[in-house]
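S.K.:
Numbering (our numbering), first residue to last: 3 to 329.
1) On the criterion of 16 or more Cβ atoms from any shown chain inside 10 Å, does residue 110 qualify as buried, or is it exposed?
2) Determine the closest residue to residue 232 out of 313, 163, 137, with distance taken between C-alpha atoms.
3) In three-state DSSP terms, what is residue 97?
4) Determine the contact status of residue 183 and residue 291, defining contact as a CB-CB distance below 9 Å.
5) Out of 270, 249, 98, point me to the one whose CA is closest to residue 260's CA.
6) Assuming the contact rule is C-beta atoms closer than 8 Å, residue 320 and residue 85 should be a hit. Round their C-beta distance to whole Å, please.
7) For the 8 Å Cβ check, are there 3 or more pairs between the stretch 145-156 and the stretch 267-279?
8) Using only CA atoms, which one of 87, 88, 108 lies nearest to residue 294?
9) Under three-state DSSP, which class holds residue 161?
10) Measuring straight from C-alpha to C-alpha, what distance separates residue 75 and residue 298?
11) Is residue 4 buried or exposed, if buried means 16 or more other CB atoms sit within 10 Å of its CB?
12) What span of residues does the alpha helix (DSSP H) with residue 206 cover, start to end?
13) Among 240, 197, 311, 308, which one has its Cα closest to the Cα of residue 286?
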């Protein structure tokens, strides 16, 4: 038996771990059934399983399948970027930050505001690449700041409390951010400015016809994941994160600033959510105050399927979920 901070015995496998294991099994089963049904549909659209899941099932042509797969991977890449934040915070603090989806929404909203201001100034069309980079950096900074402030005000005072308390608090923070968006920007959907025609054109790559926007999403997600891997595995900051995730008390005895490491974890997770937010805006070109809710739930599911706390698994879970959802 392990012990709590006050010396009382507690089970090694806590209810949160059991809950996450149940969710993981459920989603793995659902994804597996969906993939089996998809394969069965391609073999024979009239087979009982395909007809039961989708009475209007028809087989896909190769171009249709490739198009759906690219769409699913692009959307899954965004789920994966959001899922990284869930995994990082859970790995270090051991609780699920359900407000992380709203950090993604803040990034998407920041990108919308910045890109529209640049469009009004005529820079969005005349200097698109520079404007896009500026929008990405702005979204990352604002979503990172949101995550850091959230940790400092909402979660740090609750550190050491039962795990259910910060979980409930995160739901409250989520509603707060949604309503702040409504107060500041209004309840309706907000649009990004039009993209250059050359960015939306399809390009042939490895036998796939890929729209420029989806290619940008996939490449940006790959670069972001590679950068995060380097940070976690090859830098002192990453080693500190892993040490704190393993044991906070021993990490503190080794001279690691635990509070600073936790803030850094929230900041990096917020940055990944900011990247996902601007990619969402580029791909769908519309955001609303509830934009972060459904993608956040799906990203959490992806993190659980991939093994929450496992960064590579979070991205793989996001890609798998996106591909299964599209096909």
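Idealized CB from N, CA, C, for every residue including glycine. Note that this is a predicted model, so its numbers are computed, not measured.
M.R.: The structure says:
1) Your numbering for residue 110 matches position 108 in the chain shown. Counting C-beta atoms within 10 angstroms of its own C-beta, residue 110 has 16 or more neighbours from the protein chains shown and is therefore classed as buried.
2) Along the chain shown, one-based indexing puts residue 232 at 230. The candidate whose alpha carbon is nearest that of residue 232 is 313.
3) Your numbering for residue 97 matches position 95 in the chain shown. Residue state, collapsed to three classes: coil.
4) Locating residue 183 in the chain shown gives position 181, where the first residue counts as 1. Locating residue 291 in the chain shown gives position 289, where the first residue counts as 1. For the 9 Å CB-CB criterion, residue 183 and residue 291 form a contact.
5) Along the chain shown, read from residue 1 onward, the residue named residue 260 stands at position 258. Ranking 270, 249, 98 by Cα distance to residue 260 puts 249 first.
6) Translated into positions along the chain shown, residue 320 becomes position 318. Translated into positions along the chain shown, residue 85 becomes position 83. Contact check for residue 320 and residue 85: beta-carbon distance about 5 Å, within the 8 Å limit, so the pair qualifies.
7) Yes, the stretch 145-156 touches the stretch 267-279.
8) Your numbering for residue 294 matches position 292 in the chain shown. Checking every option, the nearest Cα to that of residue 294 belongs to 108.
9) Within the chain shown, the letter at position 159 stands for residue 161. Coil.
10) For the purposes of this step, residue 75 is taken as residue 73 along the chain shown, with counting starting at 1. For the purposes of this step, residue 298 is taken as residue 296 along the chain shown, with counting starting at 1. Their Cα atoms are separated by approximately 17 Å.
11) Residue 4 sits at position 2 when you count from the first residue of the chain shown. Annotation note: pLDDT 42 at residue 4 (below 50); position unreliable, coordinate value reported separately. Flag for residue 4 reads exposed.
12) As a working note, residue 206 is residue 204 in the chain shown. Unbroken run through residue 206 is the beta strand (DSSP E), 204-207; no alpha helix (DSSP H).
13) Counting from 1 along the chain shown, the entry for residue 286 is found at position 284. Among 240, 197, 311, 308, the Cα nearest to that of residue 286 belongs to 197.
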